[in-house]
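Quick notes on the structure that follows.
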Amino acid sequence: MPDTSPSRHESASIGEVVDLVRDYAKQETLGPLKGAGRWLALGTAGAVLIGLGSVFVLVGILRLLQTETSAFDGAWSWVPYLIVLVAAAIVAAIALSRVKKATLGKEPGHGSR
Numbered sequence: 722m723p724d725t726s727p728s729r730h731e732s733a734s735i736g737e738v739v740d741l742v743r744d745y746a747k748q749e750t751l752g753p754l755k756g757a758g759r760w761l762a763l764g765t766a767g768a769v770l771i772g773l774g775s776v777f778v779l780v781g782i783l784r785l786l787q788t789e790t791s792a793f794d795g796a797w798s799w800v801p802y803l804i805v806l807v808a809a810a811i812v813a814a815i816a817l818s819r820v821k822k823a824t825l826g827k828e829p830g831h832g833s834r
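Counting with our numbering, you get residues 722 to 834 for the letters of the sequence shown.
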């Protein structure tokens, strides 16, 4: 007959509890960390690409205003820089207004808007 003493059942259940706690701790720490790494990588790549694109567009607008218009010659040569600075401020304000605090654990498409 199998040994059904209480000490054997207790040691088996204690081992199961330890395994259960360890698995739960891994699930609750490693899962969100993987999600955070992906979130940071994609966010950083997106920010760099949008930043570079914005710089190229703004420099293009500046060059367009400087070369294709004769209204900004001489004493008015600073006006294209002011126009581009205002445009950059508007783009930055729009970008900052779109920033949201989303939780890292949520799946894409399930976040609140």
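Ideal Cβ placement from N, Cα and C applies to all residues, glycine included.
- Straight through space, the alpha carbons of V738 and K747 are spaced by roughly 14 Å.
- In this structure the stretch 797 to 817 lies against the stretch 774 to 789, because at least three pairs of beta carbons, one per stretch, are closer than 8 Å.
- Exclusion of the five residues before and after W799 leaves no residue of its chain whose Cβ lies closer than 7 Å to its Cβ.
- Per the Cβ contact rule, the stretch 748 to 765 is not in contact with the stretch 781 to 790 (fewer than 3 Cβ pairs under 8 Å).
- V805 sits close to L783, with the two beta carbons spaced by under 8 Å.
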